[in-house]
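Visitor: Input: one structure, supplied below.
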Amino acid sequence: MMASGYKEEDGHIGVTALGGASLRGRKPENTAFKQQRLPAWQPVLTAGSVLPAFFIIGLIFIPIGIGLYVTSNNIREIEIDYTGEEVSNPCFSCAQNFTWNSSSPCTCSIPFYLQQSYESNVFMYYGLSNFYQNHRRYVKSRDDSQLNGDLTSLTKPSKECEPYAFHEHKPIAPCGAIANSMFNDTLELFYIDPNGSRVAVPLSSTGIAWWTDKHVKFRNPGNNANLSAAFQGTVKPINWRHPVYELDTDPENNGFINEDFIVWMRTAALPTFRKLYRVIQRKNSLVPTLPRGNYSLQVTYNFPVRSFEGRKRVILSTISWMGGKNPFLGIAYVTVGSVCFFLGVVLLFIHHKYGNKSSSADMAN
Amino acid sequence: MFTDFLSFMVLFNFIIPVSMYVTVEMQKFLGSFFITWDKDFYDNEIKEGALVNTSDLNEELGQVEYVFTDKTGTLTQNNMEFIECCIDGFQYKHQDASSELDGFCVTDGPVSKLHQKAGREKEELFLRALCLCHTVQVKESTEQCPDQVDGMSNEVDCLGIDGALSHPQERRGFIASSPDEIALVKGAMRYGFTFLGLESKSMKILNRSNVVEKYELLHVLNFDPVRRRMSVIVRASSGDTLLFCKGADSSIFPRVRKEEVDRIRLHVERNATDGYRTLCVAYKLLSAEEYTQADAELREARLALQDREEKLMAVYNQVETGMSLIGATAVEDRLQEEAAETMEALQGAGMKVWVLTGDKMETAKSTCYACRLFQKNTELLELTVRTLDDKDRAREDKLHELLLEYHKKAVQDAPPVKAGVTRSWSSASQDYGFIVDGASLSMILNSSPESSNSRYKNLFLQICQNCTAVLCCRMAPLQKAQIVKMVKNSKGSPITLSIGDGANDVSMILEAHVGIGIKGKEGRQAVRNSDYALPKLKHLKKLLLAHGHLYYVRIAHLVQYFFYKNLCFILPQFLYQFFCGYSQQPLYDAAYLTMYNICFTSMPILAYSLLEQHICIEVLLDNATLYREIAKNAMLRWRPFLYWTVLGLFHGLLFFFGVWYLFHNPALQDNGQVFGNWSYGTIVFTVLVFTVTLKLALDTRHWTWINHFVIWGSLAFYVFFSFFWGGIIWPFLRQQRLYFVFANMLSSVSAWLVIILLILLSLLPEILLVVFRKPRGPHSRQSLPVFYLLLSSSPTVTIHFPIPMSSSSLKYSLVSMCSTAAKMLSCLLPWHVLLMTAAPPSTKRTCMKFNAELQHYQTEREREREREGVRGGAGQQCPDGVLFA
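Chains G and R are the protein sequences, given in the same order. For the record, in the first sequence the residue sitting at position 58 is 58 according to the UniProt record's numbering, with numbers rising by one throughout. For the record, in the second sequence the residue sitting at position 871 is 871 according to the UniProt record's numbering, with numbers rising by one throughout.
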């Protein structure tokens, strides 16, 4: 039943024709495939053949793991929580008195002390906790065509952006919940000289987003150099203080191709995440990027997190070839390597013991 | 709320492997071609190969527990052949005949020509007896040979087919009620005595010196199954009145002189164990008075109006006394090619073979012996009209009594089910065969509508299931189906297979799970109604042991693998819900979700399920016991399912949390940039695709180029597709989620390291398990598992184990080897099993245990023999060395 049914449906399969023909008395072809005699490699995993593999894996993984662990430990990292939940926190008042429509931004500055100097480039992240950027309805609430500079999408944002697609019958640019909730605290870093003067640490806001995002995926609408004209007819997202074409003064970092904006638009995987905010480039090889000493973090407190019990923090970190500080990989590699090595030893023992016995003991019996 | 529910449904629907259905159907459909293509199934005579009518049952072929086979035309060719005779204690064997035998060639002493052994008169007497004592009619040679009519009732045999005989007068057909008689007449013809026919009460015989002898046929004392003999009374031209009688040994021996019996009994018994149908021939010279008396009594009995049967019987018995035995004949119902080997293989594979035939019991029984379904030491339990007929009681009571008796014997007294060697050993030495006929069966199945009905049925079923072979004779076609149905619906619902060639087998072919038709000369009904049609019975062995076994393993692995791969596919997605506010956010991109089962992981398993040979075909055919390892759905039971499920859970957890730990710091690139949720999903998915594919690679024991192509090709395709999918801003998509995600992932050293780590860690337990499970490993084509059993003058059995075996099949092999040796040599040595070559520890332990139990068994047997006073020192009979391969 089944076969005949299939023959009609899958008639295009070559084998059907062959099979059908052979039913009519033709001697089946003596090919290796049809006789299930294709030459085949028949590997047998034995203790003998797996043993070297275990040792090799052990010998490779343990050094890699140690290297990873050491690298991770050498990374300098400091986290400064500025949520302002605690009364002692300088940002407490800003957090308590937050209102959406306040005209004058609330600022607070948090002093901290760097125990060690940061030698190489320092990356400044902002971290949010309990912020579900990976919520399904949040993740899909964007219009990539609009962000790619598509003019029709600019005026007619995707339905996915609802309820942040239109405001007072005007299209929102950039539309959607992700853009609407963009992180808008301004963070500045000051080095407190031993003599007491505050020196602003220069923060570079380029090179924080993926190159392909900045140059291909995100594009401003039209070829207009004048961004405000390009965004004519659209309104800013409801929560934003400035329209999108006023994000930066640099035309290469304004509008949709503003890197802070692009970084925010790459939704985080987990509810606790960090995003790259600024890079502190090393000036010359003689002076450390951030010498040890007192610093002050000045925060323009715009981003409310109290409503969802979130926390905000700033992370200053150096970066190695494996990325940021994460001891997990190193520990995992050392563990797996050791386990493999140990298993290798056990297998060797078993192999040695039983390999000998089976060849000699029985003859004597 | 409801939309949430629906979203979760959409998100997790992949856990139900819908694509498995498609793959399974493709596997079944494409897989069935390998049966059609198999050139071993091609028969040169009918110029046809196997025919597959359904693709649904390939794997059932690996699960068969009961084989129901027709006899006529399936097991036998229904073609009697005179094999040898024994005259006055001397053996005569036609030289041509020995070459035609398959597998039965017993060469004890040189085959001698006819004229050099017994006295000439005895020979001629014997041959005359063969020519006269029958009810055969001659069919004129001018007519066309009519086709064989079904069954044994009207057997017409054409000598012209044989072709070996060329004399014009020998080109004649014989018609008889039994094919044996034709064989005997033809056998006599071979030795020079030709039966020319019956004309007006006189039988004409052309004797060796080409002289026509005439005999007047006076009386025919008909054959009947109770007497089991027939006689003729003839008057020779010389005037002597002769009675010739032929019949079963049991009915002849008591009626002849003792001293004659001993010389012939040996031959008869040997022939019987060889599976030949034996008949003894006796004669008696009737004096005139004796004849007149017999003649009168016979006439009177024939004319009797009351109790004619009984009176006739009494007269017959009276006449057939005081005869002298001349000799015995051995006739073979030619079996199908390799019928015995096939049946032996099926039994070795743990299948119970039931012969369902319309034939009479004796014929069927001898076929069963010939097919080695019944062995010499098989104890036969008969439930037939003959055993049921008891003058004192009603059949019903007798049936009840017999059933209980047999049940006690075969079921209750059977050794308790324990996983020891003793059980298999002792059950191998105490086989039971069960014989039932149609009448008794209908009594069992449709007796009085009381409650005893089902009780009988249960008893019957239990007895049958404890017997190694069951013979059901005198079956109507519908009764065959009834039997199959009864077994099919019994406890554990075993998989049944029916094989037959004729229209009368159609009902049972349709009833069984798997129906197999033999493409005989008897029309096409069986073939049309079957699931598989084979040209010959012998092909059944390969179909079940090789194709069935492989297909079962393939599909079982396919199903388990599918559940596994979808479990570890969806589990990370499930776990992700705890980290995204239960918002049904998919972990993987939609393209990956869609393509996973269709493109990335479907082809390797399909190729595996079509090409895998975990044990190569030759080994499967040589070791029927391997079939037992997959019996009772061994690969789809709870344990393997749990194993696969645990493996899937382990992998899923590992994938998700491995990457989760990594994403504690999402700054994974050396330029400090961070990864988002799609990168997270892509890393998990990459690990997933590689792991499940490599897991399959680990399971693959038979790497053809197709496997290589498909496995590595799938992985390459995944990488290629990911680059392609993320490399373009797709104009028709609103979302460009994966734009350069994959490429960016590959630019991160940490991502590489975590992918390698997780793949390796997932496969590690698998590799370990494979190593420790080594005894189950594959049997390569080079090291065929040959058992050398060497019986030398020293009482030691040496077994060479080139391959590792699982303990269950090892046990069985040992037992079967030893019992084979015991049968061959008909002696019992104080055996001791010695292992020669490197065997795994488990094998050694089994052998040790086996030795201990064997010793115990032997001492018991020894004691028994002493008690019975059987002569000792049997070992001296044994030849010095026997080597089987």
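Where is the CB? At the ideal position from N, CA and C, for every residue including glycine.
1. Would you say R/G548 and R/M475 are within 8 angstroms of each other, going by their C-beta atoms?
2. Roughly how many angstroms separate the alpha carbons of R/Y551 and G/I331, rounded to a whole number?
3. Rank R/Q63, R/T69, R/S32, R/L61 by C-alpha distance to the C-alpha of R/L51 and give the top, closest one.
4. Where in the segment 613-648 of chain R do unbroken runs of the alpha helix (DSSP H), each at least 4 residues long, occur, reported from the N-terminal end onward?
5. Going by beta carbon distance, what residues of the same chain come within less than 7 angstroms of G/A230, once the five residues before and after it are set aside?
6. Could you have a look at R/K491 and say whether DSSP puts it in helix, strand or coil?
7. Only counting the same chain, and skipping five residues up and downstream in sequence, which positions put a Cβ closer than 6 angstroms to that of R/C748?
8. Residues of the segment 203-230 of chain G in Cβ contact with chain R at a cutoff of 9 angstroms, in chain order, please.
9. Please identify, using Cβ separations under 7 angstroms, the residues of the segment 564-587 of chain R that lie next to chain G, in order along the chain.
10. Using a threshold of 8 angstroms, state whether the C-beta atoms of R/T691 and R/I759 are closer than that.
11. Using C-beta distances below 6 angstroms, list every residue in its chain close to G/A177, excluding the 5 sequence neighbours before and after it, in chain order.
12. Are R/L649 and R/L698 closer than 8 angstroms when you measure CB to CB?
13. For the segment 724-758 of chain R, which residues have a CB atom closer than 7 angstroms to at least one CB atom of chain G, in sequence order?
14. Buried or exposed for R/D389, going by 16 or more other Cβ atoms inside 10 Å?
15. Please list the partners that R/V771 has in chain G, where partner means a Cβ-to-Cβ separation under 8 angstroms.
16. What are the start and end residues of each continuous alpha helix (DSSP H) run of 4 or more residues lying completely inside the segment 307-385 of chain R, in chain order?
17. Report the CB separation of R/L534 from R/L543 in whole angstroms; it is logged as a contact under 8 angstroms.
18. Hey, R/Q336 and R/T496: beta-carbon distance below 8 angstroms or not?
19. Just to make sure I have the definition right: I need the residues of chain G whose C-beta is within less than 9 angstroms of the C-beta of R/D38. Which are they?
20. Give a yes or no on whether 8 angstroms exceeds the smallest Cβ distance from residue 366 of chain G to chain R.
21. Would you mind reading off the limits of the alpha helix (DSSP H) that contains R/Y564?
22. So which residues of chain G does R/T342 contact, with C-beta pairs closer than 9 angstroms?
23. Assuming G/Y301 contacts G/T107 under a Cβ cut-off of 8 angstroms, what Cβ separation, rounded to an integer in Å, is found between them?
24. For R/I161 and R/E81, what's the separation of their Cα atoms in angstroms?
25. Within 8 angstroms of any Cβ in chain R, is that where the Cβ of G/K325 sits?
26. Taking a contact to mean a Cβ-Cβ separation below 8 angstroms, would you say R/I205 touches R/E216 in this structure?
27. Among all the DSSP beta bridges, which residues are the ones paired with R/H219?
28. Give me the Cα-Cα distance between residue 366 of chain G and G/I62, rounded to the nearest whole angstrom.
29. My assumption, with CB atoms under 8 angstroms, is that R/L715 sits in contact with R/T700. Please give the rounded CB distance.
30. Less than 8 angstroms between the C-beta atoms of R/M351 and R/V64, yes or no?
31. In chain order, what residues of the same chain have a beta carbon less than 6 angstroms from the beta carbon of R/F244, not counting five sequence neighbours either side?
32. For the putative contact between G/A32 and G/I350, defined by C-beta atoms under 8 angstroms, what is the C-beta separation to the nearest angstrom?
33. Which one or two residues does DSSP pair with G/F273 in a beta bridge?
34. Closest to R/S19 by CA distance: which of R/E48, R/S178, R/F126, R/Y561 is it?
35. Would you call the segment 145-164 of chain G in contact with the segment 229-245 of chain G, where contact means no fewer than 3 C-beta pairs closer than 8 angstroms?
36. Would you say R/Q673 reaches chain G, if we count a Cβ-Cβ gap shorter than 8 angstroms as a contact?
Guide: The short version:
1. Here the question's residue 548 of chain R lines up with position 548 in the second sequence. Here the question's residue 475 of chain R lines up with position 475 in the second sequence. Contact: no.
2. Numbered from 1 along the second sequence, position 551 holds the residue referred to as residue 551 of chain R. Numbered from 1 along the first sequence, position 331 holds the residue referred to as residue 331 of chain G. Answer to the nearest angstrom: the Cα atoms are 45 angstroms apart.
3. Taking the second sequence and counting its residues from 1, one reaches residue 51 of chain R at position 51. Closest by alpha carbon: R/S32.
4. 617-622
5. Numbered from 1 along the first sequence, position 230 holds the residue referred to as residue 230 of chain G. The beta carbon of G/A230 lies closer than 7 angstroms to those of N220, P221, G222, N224 in the same chain, with the five residues before and after it left out.
6. For the purposes of this step, residue 491 of chain R is taken as the residue at position 491 of the second sequence. Of the three classes helix, strand and coil, the one that applies to R/K491 here is coil, per DSSP.
7. Taking the first residue of the second sequence as position 1, residue 748 of chain R is located at position 748. For clarity, residue 748 of chain R is Ser in the given sequence; the question names Cys instead. The answer, listed in chain order, is L668, Q669.
8. G207, I208, A209, W210, W211, T212, D213, V216, K217
9. F579, C580, G581, S583, Q584, Q585
10. If you number the second sequence from 1, residue 691 of chain R lands on position 691. If you number the second sequence from 1, residue 759 of chain R lands on position 759. Their beta carbons are under 8 angstroms apart, which means R/T691 touches R/I759 by this criterion.
11. Here residue 177 of chain G refers to the residue found at position 177 when the first sequence is read from its first residue. Around G/A177: Y138, S141, Y164.
12. Residue numbering aside, residue 649 of chain R sits at position 649 when the second sequence is read from its first letter. Residue numbering aside, residue 698 of chain R sits at position 698 when the second sequence is read from its first letter. No; because the gap between Cβ atoms is not below 8 angstroms, this pair is not in contact.
13. If the cut-off is 7 angstroms between Cβ atoms, the segment 724-758 of chain R has I729, R734, Q735, Q736, Y739, F740, N744, S748, V749, S750, L753, V754, L757 near chain G.
14. Mapped onto the second sequence, residue 389 of chain R falls at position 389. Counting Cβ neighbours within 10 Å, R/D389 comes out exposed, since fewer than 16 surround it.
15. Locating residue 771 of chain R in the second sequence gives position 771, counting from the first residue. Chain G residues near R/V771: L45, T46, A47, V50, L347.
16. 308-319, 339-348, 361-370
17. Position 534 of the second sequence, counted from the first residue, corresponds to residue 534 of chain R. Position 543 of the second sequence, counted from the first residue, corresponds to residue 543 of chain R. Yes, they are in contact, since the Cβ atoms of R/L534 and R/L543 sit about 7 angstroms apart, within 8 angstroms.
18. Walking along the second sequence from the start, residue 336 of chain R turns up at place 336. Walking along the second sequence from the start, residue 496 of chain R turns up at place 496. Their beta carbons are not under 8 angstroms apart, which means R/Q336 does not touch R/T496 by this criterion.
19. Residue mapping note: residue 38 of chain R aligns to position 38 of the second sequence, counting from 1. Result: P28, K34, Q35, Q36.
20. Nothing in the structure corresponds to residue 366 of chain G, since chain G is present only between 1 and 365.
21. Your numbering for residue 564 of chain R matches position 564 in the second sequence. Note, R/Y564: alpha helix (DSSP H), 549-577.
22. In the second sequence, counting from the first residue as 1, residue 342 of chain R sits at position 342. Per Cβ cutoff of 9 angstroms: no residues; R/T342 is ~21 angstroms from chain G at best.
23. Residue mapping note: residue 301 of chain G aligns to position 301 of the first sequence, counting from 1. Residue mapping note: residue 107 of chain G aligns to position 107 of the first sequence, counting from 1. Correct: roughly 7 angstroms between the Cβ atoms.
24. Position 161 of the second sequence, counting from 1, holds the residue named residue 161 of chain R. Position 81 of the second sequence, counting from 1, holds the residue named residue 81 of chain R. Residue confidence is low: R/I161 scores 37 on pLDDT, short of 50, so the model does not pin down where it sits. No coordinate-derived value is stated.
25. In the first sequence, the residue the question calls residue 325 of chain G occupies position 325. Yes, G/K325 counts as interfacial toward chain R.
26. On the second sequence, residue 205 of chain R is found 205 positions in, with the first residue counted as 1. On the second sequence, residue 216 of chain R is found 216 positions in, with the first residue counted as 1. Contact: no.
27. Position 219 of the second sequence holds residue 219 of chain R. Bridge partners of R/H219: R/I233.
28. Residue numbering for chain G in the displayed model covers 1 to 365; residue 366 of chain G lies beyond these limits and cannot be assessed.
29. For the purposes of this step, residue 715 of chain R is taken as residue 715 along the second sequence, with counting starting at 1. For the purposes of this step, residue 700 of chain R is taken as residue 700 along the second sequence, with counting starting at 1. That pair is no contact at about 14 angstroms.
30. By 1-based counting over the second sequence, the position of residue 351 of chain R is 351. By 1-based counting over the second sequence, the position of residue 64 of chain R is 64. In contact: R/M351 and R/V64 (Cβ atoms closer than 8 angstroms).
31. By one-based count along the second sequence, residue 244 of chain R stands at place 244. If we look at R/F244 and ignore the five residues flanking it on each side, its Cβ neighbours are A129, L132, C133, V232, Y283.
32. Numbered from its first residue, the first sequence carries residue 32 of chain G at position 32. Numbered from its first residue, the first sequence carries residue 350 of chain G at position 350. Not confirmed; about 38 angstroms, so no contact.
33. By 1-based counting over the first sequence, the position of residue 273 of chain G is 273. Answer is G/L128, bridged to G/F273.
34. On the second sequence, residue 19 of chain R is found 19 positions in, with the first residue counted as 1. Of the listed residues, the one whose Cα sits closest to R/S19 is R/Y561.
35. yes
36. Taking the first residue of the second sequence as position 1, residue 673 of chain R is located at position 673. So, interface residue.
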